[in-house]
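**Student:** Numbering (the working numbering), first residue to last: 1 to 508. The beta carbon of each residue, even a glycine, is placed where N, CA and C say it ideally should be. Values in this document were obtained by computation on a predicted structure and should not be read as measured data. Below is one structure. I have some questions about it.
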Ligand code: HEC
Ligand code: HEC
């Protein structure tokens, strides 16, 4: 059976991609990471799901692999992970996702920040033009991160998990993977003070949420799905039902439709232009455009983190391994969170560090989850520092729909903090992060002061978290196994080709 080989791709690509510098540190700590994760997740709820496991899940619900036409096979593959759900469950999820009555004060729904025509990202052009950081239900409050796309989010494996074979963390939801899956994720925004704010006397109040649903337009549908006496159950039970329904909606095919030009190219319905094809070849480093093919004349190595399977029959092309990496994204100084320092007006969601705030990504979640300070640094430091090599790392998002917008001039923002405004800018960043205005001068972020003695002016502001331990290709040397980022040696035309290719990933 062709589908038996499912899953191996996950290992291969993850092994190559998202390798953190300081491998010795990683290996030396393999044991402690295992114990560490053991303490993070209760037995039986272990997140150490691999690509293989995920793949197998897909096989179980494959309908009939008897039809071998490429288009039918492709359709089967891309639908493979759609869970079979009652339609009223999905309808309920859709209704709750769009219910503006569930915030406190009312007025904000999930869709306020994840809107379909913008690929379930933030729909407000003015905000996107200025910072990309979404305001919450309470006026004047903002979270610290950019709303990512919900399309293809369901493909992120439960996590974050660490597999010593992969030397990388992967999976989970949010930029820092702090919840395991969509069902858990969907229960969080209601109680985020800078989002939907269902908080009473400084305590998250699931009773308030249940009440709002019970007295709102979706009460009947809720009872239809979960039983006539559903609202007699505890608010906690109903909260998990809300998560279940919203995740069901987020998992439907219409949210992750695989209807892009790239998908048509895979099924032979259309051809890629010369520029798009060259972009795909650069992206994968393979002359065929499929990883594992003969080496292309040049590689931008994007596929090492934004992975697709070597064998296309093994699973859909998601363009992410959902692995964690620090690519050196600079700070977004327009992020309103820097200035949200008032404890009195936002006691649970204010930013005590002000302009000095540094988002440590996975390090802000995994260390505290193990009872250590954020980043395992500063006061209370147990002396080991970033021993897991995770500070400043974020989940590599799927690149599907990165260019989806309701009209051509609609502004979009990218990265965990919204620092970048265009795909061209991003590709140019990957190409030149370590360079200065002086030709051939390379910034070496492994040096104590990487900017000391430079003759030219750096092309980019410093990384938000410039760590020689986690920054991908910190030294900026081209050609090494770890040189995925910062000095790729692409020509302007090759940068444009990569952008053309990324634009083929937009769903209809
Ligand atoms: C005020 C804006 C806002 C609202 C309202 C909001 N979100 Fe989000 N959403 C965000 C931001 C910002 C993030 C990233 C946060 C982080 O990584 O810490 C996010 C992350 C997510 C993710 C993770 C995607 C990924 O790839 O990791 C999902 C799924 C999601 N939201 C769904 C929802 C649902 C469901 C609701 C309603 C219950 C909702 N959001 C309400 C702003 C919002
Ligand atoms: C070492 C792993 C890695 C490699 C290699 C890599 N990326 Fe990324 N990519 C990431 C991570 C991690 C993020 C999120 C970073 C952040 O939020 O600071 C990201 C974000 C992006 C985004 C923004 C997506 C969004 O929705 O905000 C784009 C576009 C992108 N990468 C394109 C590329 C391209 C093109 C290449 C090849 C030139 C590439 N990446 C190579 C890990 C990688």
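(1) What's the call for residue 453, buried or exposed, on a 16-neighbour Cβ count within 10 Å?
(2) May I ask you to report which of helix, strand or coil DSSP gives residue 180?
(3) I'd like to confirm something about residue 196: is its beta-carbon nearer than 8 angstroms to some heavy atom of ligand 2, or not?
(4) Between the C-alpha atoms of residue 35 and residue 324, what's the straight-line distance to the nearest angstrom?
(5) Below 6 angstroms CB to CB, which residues in the same chain sit around residue 120 once its five sequence neighbours on both sides are set aside?
(6) What whole-angstrom Cβ distance do residue 337 and residue 142 have, given they're in contact under 8 angstroms?
(7) How far does the alpha helix (DSSP H) with residue 262 in it reach, from first residue to last?
(8) Which residue's Cα is closest to the Cα of residue 490: 300, 246, 455?
(9) Could you tell me if the beta carbon of residue 424 falls within a distance shorter than 8 angstroms of some heavy atom in ligand 2?
(10) Report yes if the CB atom of residue 260 is closer than 9 angstroms to the CB atom of residue 500, and no otherwise.
(11) With a CB to CB cut of under 7 angstroms and the five nearest residues on each side skipped, what residues in its chain are close to residue 208?
(12) When the Cβ atoms of the region 132 to 142 are set against those of the region 357 to 367, are three or more pairs found closer than 8 angstroms?
(13) Tell me which residue opens and which closes the alpha helix (DSSP H) that residue 169 is part of.
(14) Tell me whether residue 342 sits in a helix, a strand or coil according to DSSP, three-state version.
(15) Hey, is residue 333 close to ligand 2, as in C-beta under 8 angstroms from one of its heavy atoms?
(16) Taking the straight line between their C-alpha atoms, what separation do you get for residue 461 and residue 450?
(17) Would residue 376 be called buried (16 or more neighbouring beta carbons within 10 Å of its own) or exposed?
(18) Quick one: is the Cβ of residue 145 within less than 8 angstroms of any heavy atom of ligand 1?
(19) Keeping to the same chain, check which residues put their C-beta closer than 6 angstroms to that of residue 160; ignore five residues upstream and five downstream.
(20) Just grab the DSSP bridge partners of residue 395 for me.
(21) Among 394, 279, 503, which one has its Cα closest to the Cα of residue 296?
(22) Are the beta-carbon atoms belonging to residue 335 and residue 131 less than 9 angstroms from one another?
(23) Within 10 angstroms of its Cβ, does residue 87 collect 16 or more other Cβ (buried), or is it exposed?
(24) Looking at C-alpha atoms only, which residue of 455, 192, 436 is the closest neighbour of residue 476?
(25) Excluding the 5 residues flanking residue 493 on each side, which residues of the same chain have their C-beta closer than 6 angstroms to its C-beta?
(26) For residue 115, which beta-bridge partners are listed by DSSP?
(27) So is the beta-carbon of residue 485 under 8 angstroms away from any non-hydrogen atom of ligand 2?
(28) Regarding residue 395 and ligand 1, is the C-beta to nearest heavy atom distance less than 8 angstroms?
**Tutor:** Taking the geometry as given:
(1) By the 10 Å Cβ count, residue 453 comes out exposed.
(2) coil
(3) no
(4) With a pLDDT of 29 at residue 35, under the threshold of 50, the modelled position of that residue is not reliable, and the figure given next carries that caveat. Using only the alpha carbons, I get a separation of about 20 angstroms.
(5) 114, 149, 150, 151
(6) Confirmed, Cβ separation roughly 5 angstroms.
(7) 261 to 266
(8) The shortest Cα separation from residue 490 among 300, 246, 455 belongs to 300.
(9) no
(10) no
(11) 104, 198, 200
(12) Verdict: no, contact absent.
(13) That residue, residue 169, is in no alpha helix (DSSP H); its beta strand (DSSP E) goes 168 to 170.
(14) If DSSP states are grouped into helix, strand and coil, residue 342 belongs with coil.
(15) No - ligand 2 has no heavy atom lying nearer than 8 angstroms to the Cβ of residue 333.
(16) So the two alpha carbons sit approximately 12 angstroms from each other.
(17) Result: buried.
(18) yes
(19) 169, 171, 172, 177
(20) 324
(21) 279
(22) yes
(23) exposed
(24) Checking every option, the nearest Cα to that of residue 476 belongs to 436.
(25) none
(26) Paired residues: 121.
(27) yes
(28) yes
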